[in-house]
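What follows is a set of notes on a single structure, which appears directly below.
Number of protein chains: 4
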Amino acid sequence: MDYDLVIAGGKVVSGSGTTKADVAIRDGKVAAVGSHLHGRERIDASSLLVLPGVIDAHTHFRLAASGMVSADDFESGSRAAALGGVTTFLDFAAPAAPGALAEAVAARRAEADEHVSVDYSLHATLAGWDATGEEAMRALVKSGIPTFKMFTAYRAQGWRSSDGDLFSALRASADSGAMVMVHAENEELIGFFQGEASERGWTGAPAHARTRPPIVEAEAIARAILFARETGGRLYIVHVSSAAGLERVREGREQRANVHAETCPQYLLLDDSLFERSDGHRFATCPPIRAREDAERLWEGLAQGALDVVATDHCVFDGGQKAAWGGDYRKIPMGLPGVELLLPLLYTAGVHGGRFPVEHLVRTLSENPARLFGLWPRKGAIEAGFDADIVLFDPSLEVTVDHERLAMPCDYSPYDGFRATGWPVTTFLRGTAVVRERRFVGFPGQGRFLAREPLGETT
Amino acid sequence: MDYDLVIAGGKVVSGSGTTKADVAIRDGKVAAVGSHLHGRERIDASSLLVLPGVIDAHTHFRLAASGMVSADDFESGSRAAALGGVTTFLDFAAPAAPGALAEAVAARRAEADEHVSVDYSLHATLAGWDATGEEAMRALVKSGIPTFKMFTAYRAQGWRSSDGDLFSALRASADSGAMVMVHAENEELIGFFQGEASERGWTGAPAHARTRPPIVEAEAIARAILFARETGGRLYIVHVSSAAGLERVREGREQRANVHAETCPQYLLLDDSLFERSDGHRFATCPPIRAREDAERLWEGLAQGALDVVATDHCVFDGGQKAAWGGDYRKIPMGLPGVELLLPLLYTAGVHGGRFPVEHLVRTLSENPARLFGLWPRKGAIEAGFDADIVLFDPSLEVTVDHERLAMPCDYSPYDGFRATGWPVTTFLRGTAVVRERRFVGFPGQGRFLAREPLGETT
Amino acid sequence: MDYDLVIAGGKVVSGSGTTKADVAIRDGKVAAVGSHLHGRERIDASSLLVLPGVIDAHTHFRLAASGMVSADDFESGSRAAALGGVTTFLDFAAPAAPGALAEAVAARRAEADEHVSVDYSLHATLAGWDATGEEAMRALVKSGIPTFKMFTAYRAQGWRSSDGDLFSALRASADSGAMVMVHAENEELIGFFQGEASERGWTGAPAHARTRPPIVEAEAIARAILFARETGGRLYIVHVSSAAGLERVREGREQRANVHAETCPQYLLLDDSLFERSDGHRFATCPPIRAREDAERLWEGLAQGALDVVATDHCVFDGGQKAAWGGDYRKIPMGLPGVELLLPLLYTAGVHGGRFPVEHLVRTLSENPARLFGLWPRKGAIEAGFDADIVLFDPSLEVTVDHERLAMPCDYSPYDGFRATGWPVTTFLRGTAVVRERRFVGFPGQGRFLAREPLGETT
Amino acid sequence: MDYDLVIAGGKVVSGSGTTKADVAIRDGKVAAVGSHLHGRERIDASSLLVLPGVIDAHTHFRLAASGMVSADDFESGSRAAALGGVTTFLDFAAPAAPGALAEAVAARRAEADEHVSVDYSLHATLAGWDATGEEAMRALVKSGIPTFKMFTAYRAQGWRSSDGDLFSALRASADSGAMVMVHAENEELIGFFQGEASERGWTGAPAHARTRPPIVEAEAIARAILFARETGGRLYIVHVSSAAGLERVREGREQRANVHAETCPQYLLLDDSLFERSDGHRFATCPPIRAREDAERLWEGLAQGALDVVATDHCVFDGGQKAAWGGDYRKIPMGLPGVELLLPLLYTAGVHGGRFPVEHLVRTLSENPARLFGLWPRKGAIEAGFDADIVLFDPSLEVTVDHERLAMPCDYSPYDGFRATGWPVTTFLRGTAVVRERRFVGFPGQGRFLAREPLGETT
């Protein structure tokens with residue numbers, strides 16, 4: 008009886024295959040995977056998939072933006088995550104000034120540490136860069152934060168990094184174990200298209216998409232990739248939304264740039280006809296949701312591995328908050344809820360829908376983010392020595408999405424009415440159940456902050 | 008005491024990572040990987056790498072060619088394999104006529120089954136193709152032989168397939184779970200260059216390489232890939248030897264052809280200056296060993312994954328047999344011994360030499376061939392449910408290659424004098440040691456013929 | 008009164024522009040282009056286009072093939088040419104044996120010299136190649152024949168060159184001022200598809216196209232281009248018929264191969280639905296006419312310059328001769344009449360149809376073939392010093408094609424019913440009218456054999 | 008005696024060939040090209056090349072910049088042009104405000120019209136763009152100015168256009184007969200590298216090149232090309248200086264962008280080792296002169312046609328003016344003298360040096376700029392109807408460049424000591440000699456302002 012718990016007889020899925028096996032857990036870690044394993048506790052998983060916990064690499068809980076604070080916090084957000092099979096999320100710490108990275112991390116941890124019920128870490132948001140940047144980057148990498156978010160847009164909010172900043176940060180990433188994550192939109196093009204919209208008197212939700220057409224994203228991606236090729240830097244493009252953006256990523260890879268890319272469920276499952284609806288403004292996020300054809304290209308890119316990760320860019324503004332737009336698309340609080348639905352949406356449309364096998368889902372949601380973000384070999388797989396972050400997933404459970412039954416504090420869901428086949432039922436965090444039979448059984452502070460590893464050659 | 012054996016405390020390597028773990032074996036299979044595993048027997052592997060058994064996807068034991076029979080047979084060959092950490096080899100069954108595939112397999116099994124000390128399977132060699140080909144292919148796939156070797160050269164030997172044969176076989180492979188393996192050399196170009204050599208009076212060993220320059224290989228590869236693109240067929244190029252050949256493979260992949268490729272140790276480690284030696288004829292194999300620069304490009308392609316597999320094309324003609332050439336390069340019995348050295352050569356030059364991590368070695372020698380040839384998830388990894396084909400590898404053992412100390416019955420080795428760092432010490436076949444502390448402890452008939460799976464979407 | 012003739016006031020077209028100018032002719036050559044030119048004779052061309060005479064780079068008059076001789080000879084063929092604005096044609100001399108090139112040229116000249124009413128030259132057809140090939144090539148280049156046709160198919164007729172032959176000839180072309188013209192079809196694939204057709208009982212005209220699908224052409228083109236890249240040889244692909252074939256040409260150019268390409272009116276204007284007609288066999292030629300989509304891609308490639316030349320592959324078998332097929336597509340005498348219609352078809356569908364400007368037509372039909380085939384700066388332009396081969400073309404003349412009104416001795420035309428806008432009305436050969444107001448006024452022997460220049464760097 | 012002048016017996020060069028011919032001139036235009044032409048005056052050109060007058064598409068005479076005015080004006084500048092065989096130059100009119108284009112043109116013409124001794128036209132410089140831009144562009148195209156210069160850098164000088172401006176101008180160019188010329192340097196990257204230089208205490212001339220490395224140019228070119236692809240706009244990249252920049256142009260063309268490109272003699276003939284000299288600051292221009300390897304790649308690109316035009320970017324600051332730098336590279340008045348040497352430098356290094364034939368020189372210096380900038384079929388060739396802008400060029404004349412013997416008012420030349428083989432001896436402007444035997448015989452006001460044509464499909 009060396010093991011604390013054995014999850015018995017499920018189909019254990021990794022990025023490379025699926026095996027019917029027992030999973031033994033001891034001291035919060037996977038102790039063994041195999042047959043004939045016995046422990047003090049035993050859970051029968053015989054009709055279930057046993058998946059590594061999902062890593063949502065892109066969340067914004069309690070985000071201050073648009074003059075308000077988003078509708079959930081680390082407690083409610085991490086609870087929704089757990090219910091969705093997400094055992095690790097990566098949120099952001101944004102410093103008040105370029106040099107104040109450590110302070111920003113401390114402040115954000117103060118908001119989170121005692122409230123999270125799943126594990127998490129933070130990316131450092133860089134609003135600009137200066138001569139001290141490289142040293143600060145190296146220090147933060149050492150302290151366990153190797154990923155740095157930069158924006159090529161949002162000058163008004165003070166978030167935009169100049170091309171020089173971006174070039175310099177990428178150059179610094181090349182030999183420091185860091186990676187630069189880029190929100191890629193061309194600021195000046197947006198300004199131009201918004202100017203045109205003004206002249207034409209466009210103010211409604213459709214103008215949100217029209218003023219950020221795919222070239223806005225595609226150009227900024229191409230630029231970041233050129234800098235990565237020139238510097239040898241590690242680059243990660245967040246929320247690729249368009250076929251044109253994806254095409255730039257493909258070209259970068261053929262030219263041996265060290266570039267990786269993420270897309271989000273909203274770009275795969277929704278399309279821009281939504282903006283024509285009377286509540287179209289609720290679907291506004293940046294970059295905007297695109298045409299159906301773009302979504303199809305993204306699915307292809309995901310299946311082929313041109314996109315590495317699907318994360319949510321979760322950011323909840325509820326109907327009341329969204330109403331602040333007052334009919335002007337430029338005032339819409341941008342963002343969509345998502346963390347709770349990442350796994351069932353992707354399983355249903357991706358695996359059940361025949362776009363890729365379940366092993367590819369695990370690569371996309373667990374293995375790839377773990378590797379890319381310095382959590383491997385701790386998170387992302389069910390192998391001896393890994394944290395026992397495990398989701399029991401019932402592939403036969405049919406659920407129609409209804410925001411009223413979700414834990415995310417939002418009075419609508421972009422996916423209301425979506426018919427899911429397959430849903431997470433039980434979630435273990437380091438060997439302890441935080442969700443059992445779709446009910447949350449965790450508690451605030453159960454999750455831990457994760458200091459991550461510097462990123463290596465193979466990233 | 009549920010397990011028969013526990014290999015304790017080694018570094019267990021897979022294609023995706025390395026973990027310090029125990030490996031429990033029961034009934035010949037990996038039963039569990041983890042900690043706190045106990046069995047009736049326990050082997051301490053604490054300073055060793057625990058690798059999946061190597062799969063040599065390309066051997067020719069007891070090959071009748073050039074009017075003689077190669078110098079080893081299934082007994083001596085498989086013994087050398089075991090000593091080299093190879094637990095599965097894939098040899099060839101060549102039918103006397105296109106339609107006689109099943110008979111050829113039966114005949115070859117009669118030569119092998121009672122003599123092999125490791126597991127093996129057979130590729131079906133297709134010397135031509137006819138209207139019955141597709142049906143025969145489907146039948147053979149069902150019977151466990153999903154891979155079919157074709158030659159674009161060797162008309163005199165009756166091995167050459169026409170372009171129509173190749174096209175048709177590839178087309179048939181697209182939906183039958185089969186894969187076509189191509190020996191890619193342009194017959195007519197070889198004839199042309201040999202004609203030129205005759206005019207110039209070239210007969211020595213250097214003429215072997217000069218009459219098969221890289222374009223001979225590159226063109227045939229390009230052609231096969233065009234056919235694979237057109238038909239959607241599964242294609243595997245055996246023994247890619249040149250930078251130009253590799254470049255064609257890369258192009259094929261960028262154009263989404265379903266093409267995979269193999270190279271061999273001789274193309275990575277040797278170069279064509281050998282042909283200038285007085286015993287240069289001993290190094291003759293087809294395609295020929297190339298310039299140093301080609302080898303460097305192949306190492307790069309291997310590290311980047313453009314080449315999937317390293318196999319040996321093992322075919323032993325000893326010095327006496329090679330002497331039959333009588334000074335005429337066209338009469339050299341073609342082939343080189345290799346199966347016993349595959350793992351230590353690749354580990355030393357690849358991993359120890361810093362060209363790629365040990366995980367990539369495992370992908371190249373075990374995981375990829377298992378997946379590509381229908382042995383996954385039975386062979387190729389140390390995970391619960393897989394056959395317990397396991398090599399204990401001592402990365403600190405230094406060995407200078409000397410043919411006299413090798414089991415391969417050959418009175419020379421192309422690698423004599425090569426200083427290896429790292430050598431396999433113990434080999435388990437389905438949980439039973441066949442080599443222990445570098446001594447063979449197996450017996451003829453211990454190995455089994457492997458009926459393989461049809462090849463699937465992800466091949 | 009220094010000039011013999013002034014063609015006054017027409018729109019003189021060159022590859023680079025169109026000018027309203029007089030053209031003065033003296034001693035059979037263009038003496039001046041400009042204004043205020045006066046001569047002993049004056050022709051008013053004020054509503055007409057003044058074009059350089061068309062060079063049809065690919066004709067087969069009096070071709071012995073399929074056990075018969077094609078229906079026209081050099082007299083009737085060259086008369087039709089003159090009526091169509093063609094002042095130079097390039098036909099073929101096929102030696103009985105590889106070494107008999109000079110004899111073949113002499114024999115063919117004996118058939119032509121006294122009968123042609125326009126100028127002509129010959130390509131040397133190479134049915135094979137041997138050790139004497141390079142020397143023979145150099146000798147023929149010196150004697151004025153720098154272009155050599157090779158076939159990758161037609162083994163039964165004895166025309167096929169092996170890959171070694173092709174490689175060697177291309178290699179020889181690299182520094183000898185020669186160019187190799189390739190009829191690119193994969194012999195073995197054709198054989199394979201014909202075998203399949205037999206099994207299915209296909210014998211009718213549609214089987215002609217089905218047994219030579221685009222891969223047949225595309226593969227052979229790709230192969231020839233690889234050889235040209237390897238050798239630095241000059242390569243010209245005759246009668247590109249398919250989008251897939253064109254794509255290979257484009258790739259070759261991007262990779263800096265010295266490759267040029269031709270298409271024919273039948274591939275631009277007709278499509279394979281014709282084979283379904285009861286007289287479908289009449290439209291059989293090799294390679295076969297393709298789908299409409301292929302034709303569209305060829306028009307694009309022509310407009311973009313990826314295809315350099317349009318020539319006719321003129322080869323007349325009349326209805327009686329075509330009837331020899333007896334219902335078996337393999338017995339159809341292959342070929343289509345064309346020389347008389349080249350200019351009006353291309354003008355109508357290309358220039359009048361808006362696909363490219365008239366200057367591009369002149370590049371395609373006159374300037375490019377003159378440059379590529381060693382006739383520049385003698386033929387191909389209306390500039391001082393060039394032969395006064397000039398066509399007066401009426402762009403407003405509307406003509407419905409009717410084989411009964413054509414000079415080509417054929418009882419049908421693939422283009423019967425085609426409504427042309429624009430037609431050549433007067434043709435000058437070296438300053439003398441051979442056609443005047445659409446009536447032939449020349450005589451046999453008026454044309455001359457052209458010894459051509461070696462091909463240079465810029466070819 | 009219909010002609011005013013006949014230039015007799017020279018080698019008349021066009022982009023497509025060279026002919027020994029007379030050129031007859033009447034009323035300032037080429038009246039005829041041919042033999043047996045007689046006029047009132049006759050000039051023997053029998054040992055000379057007869058070239059179309061050079062079009063320098065990029066000059067800055069009397070440029071106000073860096074707080075000073077450049078050292079020549081339209082009188083001295085156009086005199087130097089004439090002596091160098093340049094019969095047309097294209098300078099720039101820079102409006103004080105985006106809307107003031109017409110005023111700027113008028114003002115610039117006031118500086119030039121009465122002073123120029125060769126013909127000229129103006130590009131409109133756009134410092135920004137606004138809602139009135141498209142209409143203003145269309146009006147200017149109609150008035151004869153179809154080319155619009157934009158800068159992606161030089162914000163401090165007020166010249167920088169935003170990405171929105173650039174996108175919008177390119178979009179407007181797609182159907183308005185306009186072309187956008189882009190000075191492509193990434194402003195923010197320059198700022199970043201200058202900041203680094205400050206930290207390191209770099210101030211000398213080498214810092215000029217170090218703070219504008221090739222990525223600065225390459226990125227801006229890539230961006231402009233993406234916008235051109237998206238909009239279908241006509242794009243011309245001025246002064247491509249680096250291999251990386253050229254590579255982006257090549258990619259753009261392969262992707263069918265409507266992009267053309269220019270380089271300058273300084274990038275072909277000089278290299279960045281000059282900046283190490285004590286007078287290194289004199290060689291500063293933007294973008295900076297690059298490494299020798301870049302120059303070699305540019306020569307290749309020029310020979311292959313990937314670069315369309317060579318122009319000078321002529322801008323004279325003499326030694327005294329350059330001295331204003333005071334040891335700070337940021338204060339160097341940027342620019343180099345060039346208009347007088349364009350033809351002899353390119354002939355010597357390009358044609359005499361064996362890099363391309365003289366016909367390619369004529370394409371590069373006359374035909375291509377005439378076509379691209381709306382001067383065809385008036386300027387750029389010696390054909391009936393074209394302006395009789397003709398240079399008699401002596402290919403055997405050897406001249407060592409010495410600034411003291413040049414007309415350009417500059418007390419140094421970047422090319423001092425360059426040994427030219429071939430020099431222009433006589434220049435005709437519209438049929439009248441402005442230079443005769445290397446002596447200027449023209450007068451101010453002899454040149455005319457050229458209203459140009461809208462740019463068409465083939466641009």
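Residue numbers (our numbering), protein chains in the order written: chain A, 8 to 466; chain B, 8 to 466; chain C, 8 to 466; chain D, 8 to 466. Glycine included, C-beta positions come from ideal geometry on N, C-alpha and C. Since this is a predicted model, take the numbers as computed values, not measurements.
query, result
"P384/A at chain B interface by Cβ criterion, 9 Å", "yes"
"Within-9 Å CB hit, F450/D to chain A", "no"
"Proximity below 9 Å, CB of G308/D to CB of L253/D", "yes"
"Rounded separation between D423/D and D301/D - CA only", "22 Å"
"Of the listed residues M415/A, L404/A, A318/A, A391/A, nearest to L368/A (C-alpha basis)", "A318/A"
"Where E121/A sits in the DSSP three-state scheme", "coil"
"Sheet register partners of D29/C (DSSP bridge)", "G41/C"
"Test: H359/C CB closer than 9 Å to a CB of chain D", "no"
"Proximity test, Cβ basis, 9 Å: D44/C and chain D", "Inspection of the sequence shows that residue 44/C is occupied by Leu rather than by Asp. Chain D contact via Cβ: present."
"DSSP-derived helix/strand/coil call for A395/D", "coil"
"Chain C contacts from the region 372-397 of chain D (Cβ-Cβ distance under 9 Å)", "E374, R378, W383, P384, A388, E390, A391, G392, F393"
"Beta carbon proximity, T466/B to chain A, threshold 9 Å", "Unreliable placement is indicated for T466/B, whose pLDDT of 44 sits below 50; the coordinate value is still reported in the next sentence. Closer than 9 Å: no."
"Per-residue contacts from V467/A into chain B (C-beta, under 8 Å)", "Because residue 467/A is not part of the residues shown, which for chain A are 8 to 466, the question remains open."
"Classification of Q262/C by the beta-carbon crowding that lies within 10 angstroms, buried from 16 upward", "exposed"
"For E390/C, the three-state DSSP class (helix, strand or coil)", "coil"
"Inter-stretch contact at 8 Å, needing at least 3 Cβ pairs: the region 52-67 of chain C / the region 392-399 of chain C", "yes"
"Any 3 or more C-beta pairs closer than 8 Å across the region 454-462 of chain C and the region 340-355 of chain D", "no"
"Close Cβ partners of S21/C (< 8 Å) along its chain, the five nearest in sequence each way excluded", "P59, E366, V369, E374, A388, I389, E390"
"Beta-carbon neighbours of I222/A, restricted to chain D and to distances below 8 Å", "F174, L233, F234, E237"
"C-beta neighbour in chain D for R284/A, strict 9 Å", "no"
"Cutoff 7 Å; reference H215/C; Cβ partners in own chain excluding five residues on either side", "F282, A291, P295, Y336, I339"
"Member of G106/D, S124/D, S128/D, A104/D whose CA lies at the smallest distance from the CA of R115/D", "S128/D"
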